[in-house]
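Numbers in the numbering used here are just positions in the sequence shown, counted from 1, shifted up by 917. Yeah, the Cβ is synthetic: ideal placement off N, Cα and C, and Gly gets one too. Here the structure is a predicted model, which is why all the values come from computation and not from measurement. These notes concern the structure reproduced below.
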Amino acid sequence: MSPDSLPPGSVRSAAEVNEQIRALWLRAGGTLSAQERAEYELLVIEWAAAIRCQVIEAA
918 MSPDSLPPGS VRSAAEVNEQ IRALWLRAGG TLSAQERAEY ELLVIEWAAA IRCQVIEAA
(Lines of atoms letter the chains of each structure in order from A and count residues from 1; the text may use other names and numbers.)
(Lines give C-alpha, C1' and ligand atoms only; values in the text may rest on other atoms or scores of the structure.)
Protein backbone atom coordinates (compact mmCIF):
# COMPACT_ATOMS: atom_id res chain seq x y z
CA MET A 1 0.00 0.00 0.00
CA SER A 2 1.36 3.38 -0.96
CA PRO A 3 1.38 5.99 1.80
CA ASP A 4 -0.19 8.39 -0.71
CA SER A 5 -3.28 6.14 -0.86
CA LEU A 6 -3.88 6.31 2.89
CA PRO A 7 -6.78 8.47 4.06
CA PRO A 8 -5.70 11.69 5.83
CA GLY A 9 -5.07 11.20 9.54
CA SER A 10 -4.56 7.43 9.29
CA VAL A 11 -0.76 7.55 9.38
CA ARG A 12 0.81 6.44 12.65
CA SER A 13 3.62 8.50 14.13
CA ALA A 14 7.15 7.89 12.90
CA ALA A 15 8.09 6.82 16.44
CA GLU A 16 5.38 4.13 16.50
CA VAL A 17 6.45 2.73 13.16
CA ASN A 18 10.11 2.90 14.13
CA GLU A 19 9.36 0.80 17.20
CA GLN A 20 7.69 -1.79 14.98
CA ILE A 21 10.72 -1.84 12.69
CA ARG A 22 13.04 -2.35 15.66
CA ALA A 23 10.85 -5.14 17.03
CA LEU A 24 10.82 -6.86 13.64
CA TRP A 25 14.63 -6.85 13.46
CA LEU A 26 14.88 -8.17 17.04
CA ARG A 27 12.41 -10.99 16.33
CA ALA A 28 14.24 -11.86 13.13
CA GLY A 29 17.63 -11.96 14.83
CA GLY A 30 19.14 -9.63 12.23
CA THR A 31 18.26 -11.72 9.18
CA LEU A 32 14.90 -11.18 7.51
CA SER A 33 12.97 -13.90 5.71
CA ALA A 34 11.19 -13.02 2.46
CA GLN A 35 7.95 -12.41 4.37
CA GLU A 36 9.71 -10.29 6.99
CA ARG A 37 11.47 -8.32 4.23
CA ALA A 38 8.08 -7.53 2.67
CA GLU A 39 6.76 -6.40 6.07
CA TYR A 40 9.91 -4.32 6.61
CA GLU A 41 9.52 -2.61 3.23
CA LEU A 42 5.91 -1.65 4.03
CA LEU A 43 6.95 -0.34 7.43
CA VAL A 44 9.71 1.79 5.89
CA ILE A 45 7.20 3.27 3.41
CA GLU A 46 4.82 4.01 6.29
CA TRP A 47 7.68 5.51 8.35
CA ALA A 48 8.66 7.79 5.45
CA ALA A 49 5.05 8.97 5.11
CA ALA A 50 4.90 9.69 8.84
CA ILE A 51 8.13 11.70 8.65
CA ARG A 52 6.72 13.73 5.74
CA CYS A 53 3.57 14.48 7.74
CA GLN A 54 5.64 15.61 10.74
CA VAL A 55 7.72 17.93 8.56
CA ILE A 56 4.62 19.43 6.94
CA GLU A 57 2.91 19.94 10.31
CA ALA A 58 6.06 21.59 11.72
CA ALA A 59 6.30 24.06 8.84
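query, result
"To the nearest angstrom, report how far apart Gln937 and Arg954 are at their CA atoms.", "13 Å"
"Helix, strand or coil for Arg929, going by three-state DSSP, please let me know.", "coil"
"So, using beta-carbon positions, are Ala967 and Ser930 closer together than 8 Å?", "yes"
"With the cut-off set at 8 Å, would you say Leu941 and Leu960 are in Cβ contact?", "yes"
"Could you compute how far the alpha carbon of Pro924 sits from the alpha carbon of Gly947?", "Bear in mind that a pLDDT of 49 at Pro924, under 50, signals an unreliable position, so the model cannot answer this."
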